[in-house]
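Here the structure is laid out as structure tokens; the discussion comes afterwards.
Rendered as structure tokens:
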């Protein structure tokens, strides 16, 4: 009798877990929906970051990390690494409402954890398909857990491919498309990209990549109603189908190995000789160069396209706004840099935090120029890109996670 | 598809769990043996995880023991995450049920493998910090580097605190810490205090077990980085009297020369004898004498592309240039045989010209799995600073 009752309760919770989620507010990967840093349903984000009560909560974290938080439903997920040589890997789950811890999973790193002191083992952002969390680390540990922390599969990619590592550390974030986790493990030695089946953890495909260190993240484009993953490297950009790894297009004009591209539909804005706009052909089999603008030169921050304008931040902290049709610079202003993260936007404002922990909110609704409307000092090193969801902004450092919301009256 | 498979897995595990018969703890642990390379065995492991993570307090010690019985790092991680899930749930809901005494015994028994002992200590520290704290002094000579590190840090902190008031006592405490320390960062910290604050001498190369005396030969060609895969004569035969065509001007041949380093961290610098060169390959060779067979590790630090051979067998090679170097960067397991053992290193320099790409060097030490130095039975005294020179072969 007890077993039957337990069985029914279990089924009830199972149904709850697997009910289709309203994912419009979710932030499922590096730079959020579309991996372009822009959401349209956060109109009521706080614009005065320093206002009393704007920090809804702040919590301590058990380890270092510069991967972005994810927001799935009413929970926040993020990764961290701790201990000597950062060999303890964490996946953490918190309540979005109050930051209360919900669960934590820890693992031993199975690959190399050596990295430059500025970065860390939990540098890549995790990703989610709304059903599972896929965590990735510079040690090449790739772990899938359910939203409730049940372990589904785990890969030690250095165990499988022993020379796939970078002694400076790796930071390429994950994307999920067509039931496939796409991972770029690009370095000077055993360099590859792979598509991993989200259900089984098995390779769907694995392709060799240029033998050169690369910290950029894959980007999902929508071409002819199908997902195409753009893999950026020093050689250029290779467009592949997520399920097979089959190449659709190959832009061989070279590209940066630090800031990543941004996609808007079938158009890709690539940090390449400044900024280069590419458009995939209708069937995705080719790529056309629309324009190149040498004056738009992203530093570490990836470009962002908001309301028809393309924004870049160069190594000196200068924010430039360009015409997406021509790349021509429309205006520029100097922000307080330097920046290790990328900007995000709700359509009317850009949000970015510099490496000293100064958060800046920039009004981009003006025609002629933008203006910084508020700043907040978090007094911590921040290299992570914020997440936006449900009119709130989440940002993490090595020590803390903050939630910003408009103060309640 | 994903969702259907996940539901099927969850239902399968539920049925197994609720029956209480077909999926025992032992069965579930055994199921983890299906976990293998490139994602193999995860469906079985995920079902087993559901059972393991639902266990009660009585499963904690068996799971700790099972971690010690699994050498595969992924299988260990499956067990660890299940065990921590059980432990956290019980600590939150019925802490009195935690087997704290058994865990303390498990931690204190150094016959148990290091990984589950470290995990047990970590769990204890998170839930019963006072109990964990009392165990720390007993870790000073622990075979677990992690536990030993915690005890050594306690000594370092004590020594630092007493420096101002009692320098002699501080010195003695630093010495005790040095005797126990195996962590490179801690050893460096202790040596710095002993030298600068106490005025002691510290033989760091012997402490670490760095190999200081080598025969070196070069340069050979690495144009286009092709030298990494090229087989030059030292890879085919070690003949310390031989000369070969190399990459010297006027077609001069290259030959073996003796080289000793006095660097605290055993750095062998090819730029010193060969002058700064680009697109070049050099080799270093040495011998290591042992009275008996020993399981050991060669621990290499190198920011150039490299290969290492031990007793003529290629252990590993890596064609990465100038991305960083640190002590124990690469740990290569070996079995030292009685008598003479040979070690050959190949280090390649690339074409890059920036300042940070000029280094052409490596450091190598021999130690056991805990990081304790294993010294050659004919180890020579550590070369003095002034003696570190290129010396012609006898």
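Residue numbers (our numbering), protein chains in the order written: chain A, 636 to 1044; chain B, 560 to 953. The beta carbon of each residue, even a glycine, is placed where N, CA and C say it ideally should be. In this text, all values refer to a predicted model and were calculated from it rather than measured experimentally.
(request) Classify residue 746/B as helix, strand or coil using the three-state DSSP reduction. (result) helix
(message) For the alpha helix (DSSP H) containing residue 729/B, name the first residue and the last one.
(response) 726-739
(request) Kindly give me the distance between the Cβ atoms of residue 605/B and residue 591/B, rounded to whole angstroms, as I take these residues to be in contact under 8 angstroms. (result) Their Cβ separation, rounded to whole angstroms, is 10 angstroms, which puts residue 605/B and residue 591/B out of contact at 8 angstroms.
(message) Using the Cβ count rule (16 or more neighbours within 10 Å means buried), how would you classify residue 655/A?
(response) Its pLDDT being 38, under 50, residue 655/A is placed unreliably in this model, and the value from its coordinates should be taken loosely. With fewer than 16 other Cβ atoms within 10 Å, it is exposed.
(request) Name the one or two DSSP bridge partners that residue 1010/A has. (result) 995/A
(message) Against residue 643/B, what residues of chain A qualify as contacts under a CB-to-CB distance less than 9 angstroms, listed in chain order?
(response) 739, 740 and 741
(request) Determine the chain A residues that contact residue 510/B at a beta-carbon separation under 7 angstroms, and present them in chain order. (result) Shown here, chain B extends from 560 to 953; a query on residue 510/B therefore has no answer.
(message) So, with DSSP's three-state summary, where would you put residue 648/B?
(response) helix
(message) Quick check on residue 778/B: does DSSP put it in helix, strand or coil?
(response) If DSSP states are grouped into helix, strand and coil, residue 778/B belongs with the strands.
(message) Let me check one thing: in DSSP terms, what residues is residue 1032/A bridge-paired to?
(response) Paired residues: none, contrary to the question.
(message) Quick check on residue 693/B: does DSSP put it in helix, strand or coil?
(response) helix
(message) Starting from residue 603/B, trace the alpha helix (DSSP H) in both directions and tell me its first and last residue.
(response) First-last of the alpha helix (DSSP H) with residue 603/B: 601-611.
(request) Compute every distance between the C-beta of residue 679/A and the non-hydrogen atoms of the ligand ZN, then say whether any falls below 7 angstroms. (result) Among the components of this structure there are no ligands whatsoever, and the ligand ZN is therefore not found.
(message) Would residue 803/A pass as an interface residue toward chain B - the criterion being a Cβ-Cβ separation below 8 angstroms?
(response) Chain B places a beta carbon closer than 8 angstroms to that of residue 803/A, counting this residue as a contact.
(message) I'd like to confirm the pairing. Which residues does DSSP put opposite residue 767/A in its beta bridges?
(response) 781/A
(request) With DSSP as the reference, label residue 872/B as helix, strand or coil. (result) Under the three-state reduction of DSSP output, residue 872/B falls in the strand class.
(message) Any contact between the stretch 761-780 of chain B and the stretch 815-828 of chain B? By contact I mean 3 or more CB pairs, one from each, below 8 angstroms.
(response) yes
(request) Kindly list the residues whose CB is nearer than 8 angstroms to the CB of residue 992/A, restricted to its own chain and excluding five residues on each side of it in sequence; keep chain order. (result) 1012, 1013, 1014, 1015, 1016, 1017 and 1032
(request) Please compile the residues from chain B whose C-beta is within a distance smaller than 8 angstroms of the C-beta of residue 663/A. (result) Neighbours of residue 663/A on chain B: none; closest Cβ ~15 angstroms, over 8 angstroms.
(request) Rounded to whole angstroms, what's the CA-CA distance from residue 1036/A to residue 660/A? Just pull it up for me. (result) 19 angstroms
(request) Leaving out five residues on either side along the sequence, give the residues of the same chain with a beta carbon under 6 angstroms from the beta carbon of residue 675/B. (result) Around residue 675/B: 623, 626 and 627.
(request) Below 6 angstroms CB to CB, which residues in the same chain sit around residue 900/B once its five sequence neighbours on both sides are set aside? (result) 847 and 870
(message) Rounding to the nearest angstrom, what Cα-Cα distance links residue 743/B and residue 940/B in this structure?
(response) When rounded, the separation of the alpha-carbon atoms in residue 743/B and residue 940/B is 21 angstroms.
(request) Given a cut-off of 8 angstroms, decide if residue 851/A and residue 770/A are closer than it, judged by their beta-carbon atoms. (result) no
(request) Sort 810/B, 857/B, 885/B and 840/B by Cα distance to residue 875/B and report the nearest one. (result) 857/B
(request) Using a Cβ-Cβ cut-off of less than 7 angstroms, give me the residues of the stretch 631-642 of chain B that come near chain A, in sequence order. (result) 632, 633, 635, 636, 637, 639 and 640
(message) So within the stretch 834-910 of chain B, which uninterrupted alpha helix (DSSP H) runs reach at least 4 residues, ignoring any that extend past its ends?
(response) none
(message) Against residue 786/A, what residues of chain B qualify as contacts under a CB-to-CB distance less than 7 angstroms, listed in chain order?
(response) 605, 608, 637 and 640
(request) Kindly indicate which three-state DSSP category residue 844/A falls into: helix, strand or coil? (result) Looking at residue 844/A - three-state DSSP - the assignment turns out to be coil, as it is neither helix nor strand.
(request) Starting from the Cα of residue 929/A, find the closest Cα among 955/A, 916/A, 923/A and 745/A and give me that residue. (result) 955/A
(request) Find the residues of chain A that neighbour residue 880/B, judging by a C-beta separation of less than 8 angstroms, and give them in chain order. (result) 823
(request) Specify the secondary structure class of residue 942/B as computed by DSSP and reduced to three states. (result) coil
(message) Against chain A, with Cβ distances strictly below 8 angstroms, would residue 783/B count as a contact?
(response) no
(message) Here's the rule: buried if 16 or more other CB atoms are within 10 angstroms of the residue's CB, otherwise exposed. What is residue 681/A?
(response) buried
(message) So residue 894/B contacts chain A; which residues on that side make the cut at Cβ distance below 8 angstroms?
(response) Result: empty, since nearest Cβ-Cβ is about 20 angstroms, beyond 8 angstroms.
(message) Strictly under 8 angstroms for the Cβ-Cβ distance: is residue 791/A near chain B by that measure?
(response) yes
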